[in-house]
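Sequential numbering of the first sequence, starting at 31, is according to our numbering.
The C-beta atom is built at its ideal place from N, Cα and C for all residues, glycine as well.
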Amino acid sequence: MPLPRTFYEEDAIVVAKSLLGKLFVHESESGVTAGKVVETEAYRGPEDKAAHSFGGRRTARNEVMFGEKGRAYVYFIYGLYWCFNVTAGNVIGKPEAVLIRALEPVAGLELMVKRRGDSSTKNSSLTNGPSKLCMAMGISKSQNKADVTIPPLYFEKAAPISEEDIVTTKRIGVEYAAEWKDRLWRFYIKGNKFTSAK
DNA sequence: TGCACGATTCTCT
DNA sequence: GAGAATCGTGCAA
């Protein structure tokens with residue numbers, strides 16, 4: 031059972047923590063891939079300078095964050111990579127999102143390796159980064175705005191991770207965000223080998 | 001119309 | 001630990 035839309039209609043920080051341990055599934059034409067969510071980050075616009083929606087800035091790219099919760103926000107970065115987010119928030123029209131930073135591969139390993147490219151792709155480095163997991167899961171612009179409460183792209187229900195197994199820390203790659211860079215809005219599962227390196 | 005830059009990753013050193 | 005790859009996007013002009 032995919033998680034219902036109400037799951038995403040909470041504060042982005044709550045959703046980010048709740049998503050840990052859930053199964054992220056993509057039923058693509060070339061096969062099914064799935065991974066357990068082991069690392070997330072919350073982005074809370076418009077007050078969060080690290081978010082694309084800072085200041086309530088609404089553009090063609092981030093428009094999906096202003097709409098329904100539980101939709102995919104996929105964006106292109108550095109001219110090479112994709113990052114996958116889920117829109118969230120307890121206020122309709124408030125642009126918040128949760129960035130999925132790392133997965134633990136569960137299904138479709140062979141396909142993941144194939145998508146990531148043949149060379150030096152070990153299990154532990156297959157999906158331990160926001161752009162790596164997009165490659166492994168076959169996510170790109172065509173998945174932008176997809177409804178993640180229904181197949182083919184969705185989060186599967188799973189038992190919640192206990193509070194003591196969740197590590198809370200600073201976000202990554204947002205050094206430019208002044209006072210917001212130190213916000214403890216990154217969450218990962220304690221001791222999991224598949225979280226991103228940094 | 002032009003231009004600077006990024007919620008990253010990989011490859012050296 | 002540093003630097004390159006690489007281009008869509010956002011904003012100034």
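From this set, the options, which residue's C-alpha is nearest residue i's C-alpha?
i	options	result
Gly97	Asn120, Ala80 and Lys79	Asn120
Glu126	Lys144, Gly100 and Thr157	Gly100
Met142	Ile130, Ile191 and Gly168	Gly168
Gly138	Phe37, His56 and Arg35	His56
Gly203	Ile191, Val178, Tyr73 and Leu53	Tyr73
Gly61	Ala46, Ile191, Glu186 and Ala166	Ala166
Leu110	Gly221, Ser161, Leu50 and Lys223	Ser161
Thr70	Tyr108, Thr199 and Glu39	Thr199
Trp210	Gly75, Glu39 and Val68	Gly75
Glu193	Leu49, Arg35, Pro34 and Thr36	Leu49
State the Cα-Cα distance for the pair residue i and residue j, rounded to the nearest angstrom.
i	j	result
Asn174	Val128	14 Å
Lys52	Leu133	10 Å
Ile180	Pro32	6 Å
Val44	Ala118	9 Å
Phe185	Val178	7 Å
Residues in its own chain within less than 6 Å of residue i by CB, not counting five upstream and five downstream?
i	result
Asp41	Asn120
Ignore the nearest five residues each way along the sequence and tell me which others in residue i's own chain have a CB closer than 8 Å to its CB.
i	result
Tyr105	His82, Arg91, Asn92, Trp112, Cys113, Asn115 and Asn174
Leu157	It should be pointed out that residue 157 corresponds to Thr in this sequence rather than to Leu. Once the five neighbours on either side are set aside, the close Cβ partners of Thr157 are Gly65, Ala132, Leu133, Glu134, Pro135, Met142, Leu163, Ala166, Met167 and Phe224.
Ala208	Lys79
So who's on the other strand from residue i, going by DSSP bridges?
i	result
Ala72	Val128
Glu186	Pro32 and Leu53
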